[in-house]
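For reference, the structure is listed below as structure tokens.
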Amino acid sequence: MLSFEEMIKEAQKAIEQVNNIIVEEMETNATECVGETQARTPVKTGNLRRSMTHDEVQKNGDTFKVNIGSALEYSEAVEDGHKQKVGQYVPAIKKRLVKPFIQGKHMIRDSVQLQQPKMIEDIKKRIEEEV
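Residue numbers (the working numbering): 28 to 158.
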């Protein structure tokens, strides 16, 4: 029979093991999600697609999170859409703008929504197998 202190140590060991599994699975799934995001990202020069990445998994209390996206200044406009001034001439495309709003591509949002259920299942499966 385990003493109370030994039970506490075993419980802490299990918690640490679960936390490690969560971090590992989130890292793996974030990498897969970046690949999916890159596949969904529209391409003109390829810079936006190549810039997609993820941060390290962060733990704050009982919450884990990982950010996926791009640091390029225009990535948010491609993701969420943007306003533009109708009639303005843009030398880069050699045209005048005709639409007041360009719809976003939502490549990050859609990729995360696809990956989240898989990530949750992967975490559950590993915890059941290893803990």
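Even glycine gets a Cβ: it sits at the ideal position worked out from N, Cα and C.
Here the structure is a predicted model, which is why all the values come from computation and not from measurement.
Just list the alpha helix (DSSP H) runs in the stretch 130-154, keeping only unbroken ones of 4 residues or longer that don't cross its boundaries, in chain order.
none
Exposed or buried, what is A66 when buried is set at 16 or more other beta-carbons lying within 10 Å of its beta-carbon?
Taking the first residue of the sequence shown as position 1, residue 66 is located at position 39. Exposed.
From the DSSP output, in three-state form, read off K71 for me.
Looking up residue 71 in the sequence shown gives position 44. Correct three-state label for K71: coil.
C-alpha gap between L124 and G108, whole angstroms:
On the sequence shown, position 97 is the one that residue 124 refers to. On the sequence shown, position 81 is the one that residue 108 refers to. If you take the alpha carbons of L124 and G108, they lie about 15 Å apart.
Taking all protein chains shown into account, decide if M134 is buried (16 or more other Cβ within 10 angstroms of its Cβ) or exposed.
Here residue 134 corresponds to residue number 107 of the sequence shown, with the count starting at 1. Counting Cβ neighbours within 10 Å, M134 comes out buried, since at least 16 surround it.
Comparing C-alpha positions only, which one of I150, E155, I154 sits nearest to T55?
Sequence index remark: in the sequence shown, residue 55 carries index 28 (1-based). When only C-alpha atoms are compared, the closest one is I150.
Where DSSP assigns a beta bridge to G62, which residues make up the other side?
As a first step, residue 62 must be located in the sequence shown, where it is residue number 35. Answer is none; G62 lacks a bridge partner.
Close-in-space but distant-in-sequence residues of the same chain around S78 (CB under 8 Å, 5 per side omitted)
The residue labelled residue 78 in the question sits at position 51 within the sequence shown. These residues qualify, in order along the chain: S97, A98, L99, S102.
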